[in-house]
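Per my numbering, the very first residue in the sequence shown carries number 76; after that it's consecutive.
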Amino acid sequence: MSKIKELQAEFQAVFVGRGTQLLDSFLPLLIFLAANLLFGTNVALWAALGVATLLAAYRIFQRQNLVYALGGLGGVVLAAVFVKLNNSAAGFFLPGLISGAITVILCVVSVALNRPVVAWSSFIARRWPLKWYWHPKVLPAYNEVTIMWAVAFAARLALEYWLYQRQAVGALGAIKIFLGWPYTILLLIVSYLYGVWRLGQLHGPSVEEFITDQAPPWEGQKRGF
Numbered sequence: 076m077s078k079i080k081e082l083q084a085e086f087q088a089v090f091v092g093r094g095t096q097l098l099d100s101f102l103p104l105l106i107f108l109a110a111n112l113l114f115g116t117n118v119a120l121w122a123a124l125g126v127a128t129l130l131a132a133y134r135i136f137q138r139q140n141l142v143y144a145l146g147g148l149g150g151v152v153l154a155a156v157f158v159k160l161n162n163s164a165a166g167f168f169l170p171g172l173i174s175g176a177i178t179v180i181l182c183v184v185s186v187a188l189n190r191p192v193v194a195w196s197s198f199i200a201r202r203w204p205l206k207w208y209w210h211p212k213v214l215p216a217y218n219e220v221t222i223m224w225a226v227a228f229a230a231r232l233a234l235e236y237w238l239y240q241r242q243a244v245g246a247l248g249a250i251k252i253f254l255g256w257p258y259t260i261l262l263l264i265v266s267y268l269y270g271v272w273r274l275g276q277l278h279g280p281s282v283e284e285f286i287t288d289q290a291p292p293w294e295g296q297k298r299g300f
């Protein structure tokens, strides 16, 4: 139970304020899928754009974060452009394929440069000393978790691309929903549990021990990744 509570506390901080982002991502997609099935691609596009516009207007009216307010609308507009360019409803999912490919490439390149994406993500979220992440008894854990991310995102990308090639709009929508945030959250949980365990195996300094320049042997990082 203590580990479950630890995970809850860690991810509560990560996902605070993300409820609006989840809604703005999924509602236009659901509207597009339903309208495409019932009325065709053109109606589906206008319906998704209309919902995304209303959500953005509501966020702005409520003076919420502009990234959340306009991010969903921008994504739907871009998807609509790809639908028109492709002359196919499957084009709605092309921006996601492109961003997925970029994510995989960034993960691989960052590990090759020994500056893993997961370390940068943790640094941005937690503001721990950047040099701590590059410590030789800390860095391998972040490299390994970044490789895990690359494999997980590459597997999802391969499935999405296979469906995209077959113009399987309904299946692409299902994958987008079930292998979207739920898949990402599961990956983050596995990453956290493995990362904390791996830091223990490496016997490196904790963040506090690094900041205070304590000499080994170190107690190590017991919580947080």
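Quick reminder that beta carbons are idealized off the backbone N, C-alpha and C, glycines included.
These figures come from a predicted structure and were not determined experimentally.
By the neighbour-count criterion, in which a residue is buried when 16 or more other Cβ atoms sit within 10 angstroms of its Cβ, GLU235 is buried.
Per the coordinates, the alpha-carbon of ALA109 lies some 8 Å from the alpha-carbon of ALA119.
Within the model, the alpha-carbon separation for LEU232 versus PRO257 is close to 15 Å. Burial is judged here by how many other beta carbons sit within 10 angstroms of a residue's own beta carbon; ASN189 has fewer than 16 and is exposed. Annotated three-state conformation of VAL156 is helix, per DSSP.
GLY115 and GLY147 have their C-alpha atoms spaced approximately 22 Å apart. Within the same chain, Cβ atoms closer than 7 Å to the Cβ of SER163 are found at GLN242, the five residues on either side in sequence being excluded. A buried status is given to PHE107, since no fewer than 16 other beta-carbon atoms sit within 10 Å of its beta-carbon. Assignment of SER196 by DSSP, reduced to helix, strand and coil, places it in the helix class. In the displayed model, SER281 falls within coil according to three-state DSSP, outside both helix and strand. Counting only the Cα atoms, ARG273 lies some 17 Å from PHE285. Excluding residues up to 5 positions away in sequence, LEU274 and SER281 lie with their Cβ nearer than 6 Å to the Cβ of GLN296 in the same chain. Beyond the five residues adjoining it in sequence on each side, VAL152 comes within less than 8 Å, by CB distance, of LEU124 and ALA127 in the same chain, given in chain order.
Taking the C-beta atoms as reference points, LEU277 is found no nearer than 8 Å to VAL192. Under the three-state reduction of DSSP output, GLU235 falls in the helix class. Judged by their CB atoms, GLY270 and ALA216 are nearer to each other than the 8 Å cut-off. In this structure, LEU247 sits away from PHE157, with a CB-CB distance that is not shorter than 8 Å.
Nearest neighbour of GLN83 by Cα position, chosen from THR287, LEU261 and PRO292, turns out to be LEU261. Judged by beta-carbon spacing, TYR208 lies within the 8 Å limit of ALA194, meaning their Cβ atoms are closer than that value.
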